[in-house]
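Novice: In our numbering, the protein residues as written are 23 to 117. Have a look at the structure that comes next, please.
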């Protein structure tokens, strides 16, 4: 959707700990998106195994951690920021 929109110059991806949706999105982006993508994963300081706001946000066995998700995103060409406060200036830099 964003890739085909002529008015979209960059994409901002916000994810969270737990699950695999962010990894799947990153692999999709690597294969199908040519626009710059900036990403952030919420929950970077969450302790392993602790259930957060809902059932999907749980880290187990090292899978679904913020660090693992950020590694996948970086490998897929996404510019990852450590703080949401850095999103605006990072988007401005890539444009």
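Glycine included, each C-beta is placed from N, C-alpha and C at the ideal position.
Using the C-alpha atoms, what's the distance from residue 51 back to residue 23?
Specialist: Their backbone Cα atoms lie some 12 angstroms apart in a straight line.
Novice: Closer than 8 angstroms by C-beta to residue 89: which residues in its own chain qualify, once you throw out the five before and the five after it? Chain order, please.
Specialist: 66
Novice: Return helix, strand or coil for residue 26, following the three-state DSSP convention.
Specialist: coil
Novice: The alpha helix (DSSP H) that contains residue 37, what's its start and end?
Specialist: No alpha helix (DSSP H) holds residue 37; the beta strand (DSSP E) holding it covers 33-38.
Novice: On a CA-only basis, which of 26, 33, 92 is nearest residue 39? Give me that one, please.
Specialist: 92
Novice: Alpha carbon to alpha carbon, what distance is there between residue 28 and residue 86?
Specialist: 33 angstroms
Novice: State the Cα-Cα distance for the pair residue 62 and residue 100, rounded to the nearest angstrom.
Specialist: Computed Cα separation, rounded: 10 angstroms.
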